[in-house]
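In my numbering, the protein residues as written are 4 to 495.
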């Protein structure tokens with residue numbers, strides 16, 4: 004059961020590793036044979052065109068109110084900008100409220116910066132954490148932990164001047180598992196709404212806090228798994244007040260839905276996957292789920308080792324699954340309203356496109372294409388206008404045609420990458436482990452517009468703030484943008 008605290012006024016290494024945070028295993032003949040079994044020749048997409056017999060007026064109404072498949076907006080946000088004048092700015096979860104890592108239309112983010120150029124403020128961080136900030140109004144929330152994992156913190160930062168509003172010790176641990184040097188004990192990203200923040204540290208605990216002062220509303224510390232390399236999956240909040248969390252450990256693998264209000268378990272579903280091994284390294288994963296709707300039905304798209312499974316968000320029942328060889332899935336899926344795009348994980352990552360309208364095992368029936376070259380295992384890519392941008396862990400950027408899976412262009416940046424990509428206006432933003440931030444022009448013709456550098460590397464993903472960027476490095480939090488007078492600056 005959840006541990007409840009009731010408070011008034013609050014409602015409802017440069018060489019790419021073979022797995023996220025440690026050693027992998029080469030493909031065995033058995034696994035190679037499994038790949039042949041699970042990757043049949045992909046047939047051309049034979050989806051029929053929409054009926055042309057609709058009257059124009061009815062078609063326009065339909066287009067405005069419904070799509071065959073659409074992203075499911077979450078309660079806390081549906082974009083990276085206020086919905087109307089005077090409403091607070093929102094970037095409420097990992098990769099934003101729509102989980103698409105897209106800045107709002109009209110946002111004009113900086114394309115050039117350094118330690119001495121276009122830095123509004125820089126906040127040194129006391130401890131270690133790879134979590135990406137979540138934003139509501141003038142407040143950003145992030146997590147950190149001591150390097151030994153014995154203490155885990157949440158903090159809120161005023162975006163106007165970079166000063167800490169509050170900082171709270173959330174969990175203390177007498178014993179912890181060893182986390183890989185490429186990971187931290189505070190890697191899952193928080194979630195916020197106008198009153199609350201939800202912070203997650205994997206099996207070490209999940210807590211709901213007051214956004215105003217960081218006081219704990221409820222906490223859970225009774226959902227165990229052996230992460231083996233440290234926690235990595237971020238929680239996801241939907242518009243029904245459900246918090247979805249992956250626990251894909253070395254020992255057990257399951258998904259839970261918690262009540263965002265109380266922390267109580269709504270449902271729990273074991274993975275029930277035939278891994279073909281007893282090696283926990285081939286079972287653990289670090290991915291974050293995605294919510295979509297398909298033919299009016301919500302789906303929770305949930306990647307893990309050897310499979311991605313779509314569940315019903317209301318009760319955890321399985322809808323479909325697609326199988327593959329790879330393990331330690333880390334990237335969040337992408338969705339364009341028609342197909343789900345999945346980076347399959349470590350071993351040798353593939354990017355696959357899946358039609359989400361199927362039922363049961365859809366590996367043969369609904370796999371639309373499979374691209375095995377140059378795909379990253381850690382960074383979550385970006386879908387924009389029929390193109391998928393992806394970066395290999397070892398620094399090779401790729402642009403893929405979302406309809407065909409064919410490579411449009413590649414570019415070797417060098418360095419290593421973990422941060423998710425960000426799209427804004429005409430540009431795509433890429434941040435590496437050395438603190439280099441590349442800006443490329445969006446489109447089929449590669450153009451590197453800028454190469455920027457900060458003093459330390461980026462493991463967390465960047466957050467757009469209309470005309471500035473919130474960037475977390477290993478040691479500091481930056482607001483990148485033209486300097487302004489903090490006392491008179493408008494909200495982000």
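Think of the CB as a built atom: it goes at the ideal place given N, C-alpha and C, for glycine as much as any other residue.
The structure displayed is predicted, hence computed values, not measured ones.
The Cβ atoms of residue 399 and residue 377 sit closer than 8 Å to each other. Taking C-beta atoms as the reference points, residue 401 and residue 407 fail to come closer than 8 Å. Going by DSSP, residue 349 is part of no beta strand (DSSP E) at all; its letter is neither H nor E. Assigned with DSSP and collapsed to three states, residue 284 falls in helix.
For residue 362, the CB contacts under 8 Å within the same chain, skipping 5 residues up- and downstream, are 322 and 323 in chain order.
Distance from the CA atom of residue 242 to the CA atom of residue 165, rounded to whole angstroms, is 30 Å.
Residue 441 carries a strand assignment under DSSP once its states are collapsed to helix, strand and coil. Burial is judged here by how many other beta carbons sit within 10 angstroms of a residue's own beta carbon; residue 216 has fewer than 16 and is exposed. If you draw a straight line from the Cα of residue 413 to the Cα of residue 405, it comes to about 15 Å.
Per DSSP, the unbroken beta strand (DSSP E) holding residue 221 starts and ends at 219-223. Per DSSP, residue 430 is one residue of the beta strand (DSSP E) stretching across 430-434. Fewer than three beta-carbon pairs drawn from the region 104-111 and the region 145-158 are found closer than 8 Å, and the two stretches are therefore not classed as touching. Between the region 193-204 and the region 253-260 there are fewer than three inter-stretch CB-CB distances shorter than 8 Å, so the stretches are not counted as touching.
For residue 262, the enclosing beta strand (DSSP E) stretches over residues 256-262.
Residue nearest to residue 230 within the set 269, 219, 280 and 290 is 290 (criterion: CA-CA distance). Under the 10 Å beta carbon count, residue 475 is surrounded by 16 or more other beta carbons and is classified as buried. Counting along the chain, residue 245 sits inside the beta strand (DSSP E) bounded by residues 245-251.
In this chain, the beta strand (DSSP E) harbouring residue 156 covers 154-161.
Exclusion of the five residues before and after residue 251 leaves 287, 288 and 307 as the residues of its chain whose Cβ lies within less than 6 Å of its Cβ. Looking only at 309, 296, 348 and 253, the smallest Cα-Cα distance to residue 282 is reached by 253.
The beta strand (DSSP E) runs lying completely inside the region 82-151 and spanning 3 residues or more are 122-127, 137-139 and 142-148, given in chain order. Cβ contact annotation for residue 162 (same chain, cutoff 6 Å, sequence separation greater than five): 141, 143 and 495, in chain order.
A straight-line Cα-Cα distance of about 18 Å links residue 246 and residue 189.
With a beta-carbon spacing of about 7 Å, residue 135 and residue 466 fall inside the 8 Å limit used to define contacts. For the pair of segments examined, the region 377-391 was found to touch the region 327-336: the number of CB pairs separated by less than 8 Å reaches three.
In the structure shown, the three-state DSSP call for residue 309 is coil. Between the C-alpha atoms of residue 314 and residue 357 there is a straight-line separation of about 15 Å. Shortest Cα-Cα distance from residue 426 to any of 417, 418 and 441 involves 441. 8 Å or more divides the Cβ of residue 471 from the Cβ of residue 93.
Counting along the chain, residue 182 sits inside no beta strand (DSSP E), nor does DSSP assign it H or E at all. The three-state secondary structure of residue 425, taken from DSSP, is strand.
For residue 327, there is no enclosing beta strand (DSSP E), since its DSSP letter is neither H nor E. Selection 439, 219, 317 and 327 evaluated against residue 310 yields 327 as nearest (Cα-Cα).
Beta-bridge analysis with DSSP links residue 204 to 206.
Non-local C-beta neighbours of residue 227 in its own chain, meaning closer than 6 Å and more than five positions away in sequence, comprise 206, ordered along the chain.
By a beta-carbon distance limit of 8 Å, residue 182 contacts residue 233. Their separation comes to about 3 Å.
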